[in-house]
Amino acid sequence: MEILTELVGNTLIVTLNRPEAGNALNGALSGGLWNALEEAGNNADVRAIVITGAGEKVFCAGMDLKAFVAGEDLAEIGKGFAALRKCKKPLIAAVNGHALAGGFEVVMMCDLIVSVDTARFGIPEVKRGLFAAGGGVRLPARIPLAVAMEMGLTGDPIDAKRAETLGLINQVVPAAELKNAALALAARVTANGPLAVQATKQLMLDEIGNGNPALLQELQAVVFSSEDSKEGSRAFAEKRAPEWKGR
């Protein structure tokens, strides 16, 4: 099972469960995430959702580049992001390890973030000839633009301590305390009126904006179908430097 779920009180814990692949996002995992969040959205007993990853080192390594190069439908791989984007209930990321590329974007789609102290965060898509098409568009709304640009244009990660200092994440804890810390934060949320909580989330996200969907789709159609996008992904899989063509 690519997705595991556990209901703890009014909080649903959703676990990305491909530890052998760094919990990388393929069609099956994204589809499972879609289904889990759809069910949670229709379950009145669920008032908050915690997203975490299986294993001890990686929350999510991002899009499964091997599946992408092999031609897996990009819409299927991106289905999980669509589910996160439309989710009205509060989402809490419990980051159990490194959150990179699409994994970091999953974190960015969450409303609150608790992280282990060893985690690193980054959007290295430009190193693969791609760009952060998921939650990465929210990054400039959460940290200073200069830092967002640094992360986006260099592709270099930052550690949990810097992320906390920037106000990107709410709490940094030792690994042994992660689950309890995430559930404690969820309990503070679920103690409040569920309709009021959902309305507050919606209004706050509306206030900062959620990017330009039309522009995002236009750029994604160009960049993700380019020769460079396939070359960058192949080079990563083959552990070599990419040879960019600019097309």
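When we follow the numbering used here, the leftmost residue of the sequence shown carries the number 4, and every step to the right adds one.
Beta carbons: idealized from backbone N, C-alpha and C, even for Gly.
| Query | Result |
| --- | --- |
| Helix, strand or coil: how does DSSP classify Asp209 here? | helix |
| Would you mind stating whether Glu234 and Gly74 have Cβ atoms separated by less than 8 Å? | no |
| Going by DSSP, name the residue or residues bridged to Asp162. | Arg123 |
| Take the Cβ of Leu198 as the centre, count every other Cβ of all protein chains shown within 10 Å, and call the residue buried at 16 or more, exposed below. | exposed |
| Here's a check: name, in chain order, each residue in its chain whose Cβ is nearer than 7 Å to the Cβ of Phe227, leaving out the five neighbours to either side. | Leu77, Leu133 |
| Cβ of Arg141 within 8 Å of Cβ of Leu171? | no |
| CA-CA distance, Ala47 and Asn13? | 9 Å |
| With distances taken Cα to Cα, identify the nearest neighbour of Leu68 among Glu41, Lys91, Leu186, Pro127. | Pro127 |
| Using C-beta distances below 8 Å, list every residue in its chain close to Leu115, excluding the 5 sequence neighbours before and after it, in chain order. | Pro93, Leu94, Ile95, Ala96, Asn173, Leu188, Val192 |
| What does DSSP give as the partner residue(s) for Thr203 in the beta ladder? | Answer by DSSP bridge pairing: none, since Thr203 is not bridged. |
| Nearest-angstrom Cα distance between Gly105 and Gly138? | 8 Å |
| Which residues share a DSSP beta bridge with Gly256? | Outside the modelled stretch of the chain, which goes from 4 to 250, sits residue 256, for which no answer is possible. |
| With a Cβ-Cβ cutoff of 8 Å, do Val17 and Val53 count as a contact? | yes |
| Determine the direct distance from the alpha carbon of Ala149 to that of Asn195, and round the result to whole angstroms. | 36 Å |
| Report the three-state DSSP secondary structure of Glu75 (helix, strand or coil). | coil |
| Let me see if you follow: with CB-CB separation under 8 Å, is Arg21 close to chain B or not? | The structure shown has no chain B; it contains just one protein chain. |
| Does the distance from the C-beta atom of Asn231 to that of Pro177 stay below 8 Å? | Residue identity check: residue 231 is Asp in the sequence provided, not Asn. Contact flag unset, no. |
| Can you tell me where the alpha helix (DSSP H) with Glu9 in it begins and where it stops? | Element bounds for Glu9: not the alpha helix (DSSP H) but the beta strand (DSSP E), 6 to 11. |
| Put Ala97 into one of helix, strand or coil per three-state DSSP. | strand |
| Gly25 and Val72 - do their beta-carbons sit closer together than 8 Å? | no |
| For Met2, which option in Val11, Gly125, Thr55 has the closest C-alpha, if you only look at C-alpha atoms? | Within the shown structure, residues of the chain are numbered from 4 to 250, placing residue 2 beyond reach of any answer. |
| Have a look at Gln201 and Leu28 and give me their C-alpha separation to the nearest angstrom. | 27 Å |
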